[in-house]
Amino acid sequence: MSGTQAGRPRIALLLPGGGARSAWQVGVLKAISGWFPAGSKLPFPVVCGTSAGAINATVLAARGANFRLGTRELVRVWGGFRVGHVFRAGTLDMLRSGSHLFLALVTGGWLLPMPRALFDNTPLRALLAKNVDFAALGRSIAAGTPDSLAVTATSVSGGESVTFVQSQRPFMPWDRSGRRGVAAALDLDHLMASAAVPLLFPPVTMGGAHFNDGAVRQTAPFAPAIHLGADRVLAIGVRPAARAIAAPGPPPNMAEQFGFMLDSLFMEGLQADLGRLERINALLANQRAGPAPLGMRHVDTLLLQPEQDPSDAAIAHRDAMPGTLRSLLRVLGARGARGGRLLSYLLFEAPYMRALIEAGERDANRRRAEIAAFLGLDAAFGARID
């Protein structure tokens, strides 16, 4: 099988975006790392991330020599989050942002130009600069733990999905319709670009082109892992596996529509691409003996999703959000249950973060046997599966 070494499958970790919900990914990773003895290396030779998932992926890769320490670092940062660590949400900041937008709208951009984004996310840049060690990332990749890290952003200038790959293995850059993969020495700008949610945060300029959140044009989230030789892909999503069908009610307000947009942005491409891979696997399984169709090979996938809707936890912790931001969201209609979905992506506050981390850890432990079997956690990996 392609990508195997000594009979061992080449397993990729895929971390899609999810805003504040990405704390659930951290809980899952904490659980999995706890199944390994202290000091074990990162068991994924390929790590791929988008948006907040790209940040988690990069921290893990930079700490690749010690999987458990890497997840502890993620738990420390996410568990101590405040909204102010991600974007400016003070009273003056909210008034300035709202006034700028209002004056730009009522004067048609004559008095003030339209703002590039609703929020100023320079605090996130400062947080990442402090907590992501790119020199350590280079050393980890050179040592093969992991051997490849892929971060995806969207080129607003080119209208395409661009995956930036730092790897110690030779790989063939790809160029498909609407998406391409290029070699890069990953840095802070790549992470900020991948996490620049349109309208909320400003785009990032790199090499003369402008980039925003990687999920915008990412129609094939599994593709980077496959291009980098993965035989299996463990994907950790942020949408609950079972979603209740909403009862008929009043038309959705702005908050509900914005929450739905973020939900679609971060998860629809992943679900569609997973369905495509399952169809390819079924086609190859049913094919009679002979060479596989050009460019096709079997790739196993396992998608992990929250058992409980993060929206419920967000509503329970809404009072942890700064009052100025709560006021803004109320204006948009984020009241009661109607605002839960939007809150679940924007509530970067420690009580909610810790609740999601704990939920992720519980959910992963409930599926321990399935995950362990998929990852091949045996004596070859030095893992405890008792």
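Take the sequence shown: its position 267, counted from the start at 1, is 275 in my numbering, and no numbers get skipped. Think of the CB as a built atom: it goes at the ideal place given N, C-alpha and C, for glycine as much as any other residue.
What separation, rounded to the nearest whole angstrom, lies between the Cα atoms of S156 and G88? Within the sequence shown, the letter at position 148 stands for residue 156. Within the sequence shown, the letter at position 80 stands for residue 88. Between S156 and G88, the C-alpha separation is close to 29 Å.
Nearest CA to the CA of V55: which residue from R16, D128, W32, L145? Indexing the sequence shown from 1 puts residue 55 at position 47. Minimum Cα distance to V55 is reached at L145.
Measuring straight from C-alpha to C-alpha, what distance separates T332 and V307? Translated into the one-based positions of the sequence shown, residue 332 becomes position 324. Translated into the one-based positions of the sequence shown, residue 307 becomes position 299. When rounded, the distance between both Cα atoms is 47 Å.
Give the single residue among P154, I244, V246 whose Cα lies nearest to the Cα of A69. The residue you call residue 69 lines up with position 61 of the sequence shown. Minimum Cα distance to A69 is reached at P154.
What residues in its chain sit with their C-beta under 7 Å from that of D197, if we drop five residues either side in the sequence? Residue 197 sits at position 189 when you count from the first residue of the sequence shown. Here the set comprises V212, M214.
With a threshold of 8 Å, are at least 3 pairs of Cβ atoms found where one atom belongs to the stretch 342-361 and the other to the stretch 318-326? The stretch 342-361, when compared against the stretch 318-326, does touch it at the 8 Å Cβ threshold.
According to DSSP, is N289 part of a helix, a strand, or is it coil? Indexing the sequence shown from 1 puts residue 289 at position 281. Note: N289 maps to helix in three-state DSSP.
Taking the runs of the alpha helix (DSSP H) that are 4 residues or longer, which of them lie wholly in the stretch 40-94? 60-70, 75-87
Exposed unless 16 or more other CB atoms sit within 10 angstroms - verdict on R187: Residue numbering aside, residue 187 sits at position 179 when the sequence shown is read from its first letter. Buried, because 16 or more other Cβ atoms sit within 10 Å of the Cβ of R187.
What are the start and end residues of the beta strand (DSSP E) that includes D395? With the chain covering only 9 through 394, there is no way to say anything about residue 395.
Helix, strand or coil for V173? Go by DSSP, reduced to three states. Taking the first residue of the sequence shown as position 1, residue 173 is located at position 165. It is a strand residue.
Using the C-alpha atoms, what's the distance from L350 back to R343? Locating residue 343 in the sequence shown gives position 335, counting from the first residue. Locating residue 350 in the sequence shown gives position 342, counting from the first residue. Looking at the two C-alpha atoms, the distance is approximately 10 Å.
Inter-residue Cα distance where the pair is L208 and S48: Here residue 208 refers to the residue found at position 200 of the sequence shown. Here residue 48 refers to the residue found at position 40 of the sequence shown. Looking at the two C-alpha atoms, the distance is approximately 38 Å.
Compute the Euclidean distance between the alpha carbons of P17 and F382, then round it to the nearest angstrom. As a working note, residue 17 is residue 9 in the sequence shown. As a working note, residue 382 is residue 374 in the sequence shown. Answer to the nearest angstrom: the Cα atoms are 10 Å apart.
I'd like to know whether the C-beta atoms of W32 and G384 end up nearer to each other than 7 Å. Counting from one through the sequence shown, the residue named residue 32 turns up at place 24. Counting from one through the sequence shown, the residue named residue 384 turns up at place 376. The answer is no: Cβ separation not under 7 Å.
E357 by DSSP, collapsed to three states: which one? Within the sequence shown, residue 357 is the residue found at index 349, counting from 1. It is coil, neither helix nor strand.
Bridge-paired residues (DSSP) for G189: Residue 189 sits at position 181 when you count from the first residue of the sequence shown. Within the DSSP secondary-structure output, G189 pairs in a beta bridge with T171.
By the three-class DSSP mapping on this structure, what secondary structure does R374 have? Against the sequence shown, residue 374 aligns to sequence position 366. Of the three classes helix, strand and coil, the one that applies to R374 here is helix, per DSSP.
Identity of the residue in G283, L310, A345, P232 nearest R184 by Cα: Counting from one through the sequence shown, the residue named residue 184 turns up at place 176. The residue with the shortest Cα to Cα distance from R184 is P232.
Whole angstroms is fine: what's the gap from R287's alpha carbon to D281's? What you label residue 287 is simply residue 279 of the sequence shown in a count that begins at 1. What you label residue 281 is simply residue 273 of the sequence shown in a count that begins at 1. Taking C-alpha positions only, R287 is separated from D281 by approximately 10 Å.
Only counting the same chain, and skipping five residues up and downstream in sequence, which positions put a Cβ closer than 6 Å to that of P373? What you label residue 373 is simply residue 365 of the sequence shown in a count that begins at 1. The sequence given here has Asn at residue 373, not Pro. Answer for N373: A39, listed in chain order.
For G283, is the classification buried or exposed, using 16 other Cβ atoms within 10 angstroms of its Cβ as the cut-off for buried? For the purposes of this step, residue 283 is identified with residue 275 of the sequence shown, where counting begins at 1. Classification for G283: exposed.
I need the straight-line Cα distance from G245 to G57, nearest angstrom please. Counting from one through the sequence shown, the residue named residue 245 turns up at place 237. Counting from one through the sequence shown, the residue named residue 57 turns up at place 49. Straight-line Cα distance between these residues: approximately 11 Å.
Check L21 in the structure and name its three-state DSSP category. Within the sequence shown, residue 21 is the residue found at index 13, counting from 1. Reduced to three states, the DSSP call for L21 is strand.
Inter-residue Cα distance where the pair is V170 and T162: To locate residue 170, count along the sequence shown from 1; it is residue 162. To locate residue 162, count along the sequence shown from 1; it is residue 154. Using only the alpha carbons, I get a separation of about 6 Å.
Is the beta carbon of V67 less than 7 Å from the beta carbon of L82? The sequence position of residue 67 within the sequence shown is 59, counting from 1. The sequence position of residue 82 within the sequence shown is 74, counting from 1. In this structure, L82 lies closer than 7 Å to V67 by Cβ.
Give the C-beta separation of V224 and L194 to the nearest angstrom, bearing in mind that I take them to be a contact with Cβ-Cβ under 8 Å. Along the sequence shown, read from residue 1 onward, the residue named residue 224 stands at position 216. Along the sequence shown, read from residue 1 onward, the residue named residue 194 stands at position 186. Actually they do not touch by this definition, with Cβ atoms about 19 Å apart.
With 16 as the cutoff for other CB atoms within 10 Å, does G78 come out buried or exposed? As a working mapping, residue 78 is identified with position 70 in the sequence shown. With 16 or more other Cβ atoms within 10 Å, it is buried.
Compute the distance between the beta-carbons of D41 and R84, then report whether it is under 7 Å. Sequence index remark: in the sequence shown, residue 41 carries index 33 (1-based). Sequence index remark: in the sequence shown, residue 84 carries index 76 (1-based). This sequence places Ser at residue 41; Asp is not what is there. No, they are not a contact pair.
So, under 8 Å CB-CB, F274 and G26 are touching, yes? Tell me the CB distance rounded to an integer number of Å. By 1-based counting over the sequence shown, the position of residue 274 is 266. By 1-based counting over the sequence shown, the position of residue 26 is 18. That belief holds up - the Cβ atoms of F274 and G26 are roughly 5 Å apart, short of 8 Å.
Using 7 Å as the threshold, is the C-beta distance between P181 and V190 below it? By one-based count along the sequence shown, residue 181 stands at place 173. By one-based count along the sequence shown, residue 190 stands at place 182. Yes, they are a contact pair.
Assuming contact is defined by CB atoms lying nearer than 7 Å, are A377 and V241 in contact in what I supplied? Within the sequence shown, numbered from 1, the residue matching residue 377 stands at position 369. Within the sequence shown, numbered from 1, the residue matching residue 241 stands at position 233. Not in contact: A377 and V241 (Cβ atoms no closer than 7 Å).
Between A263, G167, L50, which has its C-alpha nearest A217's C-alpha? Within the sequence shown, residue 217 is the residue found at index 209, counting from 1. The residue with the shortest Cα to Cα distance from A217 is G167.
Measure the beta-carbon distance from A203 to A62 and round it to whole angstroms, keeping in mind my assumption that it falls under 8 Å. Numbered from its first residue, the sequence shown carries residue 203 at position 195. Numbered from its first residue, the sequence shown carries residue 62 at position 54. With a Cβ gap of about 7 Å, A203 and A62 count as contacting.
Check the C-beta distance from V140 over to L50 and give it rounded, since I have them as a contact under 8 Å. The sequence position of residue 140 within the sequence shown is 132, counting from 1. The sequence position of residue 50 within the sequence shown is 42, counting from 1. With 8 Å as the limit, V140 and L50 do not qualify as a contact, their Cβ atoms being about 15 Å apart.
Tell me which same chain residues have a C-beta within less than 8 Å of the C-beta of E366, skipping the five on either side of it? Taking the sequence shown and counting its residues from 1, one reaches residue 366 at position 358. So the qualifying residues of the chain are G35.
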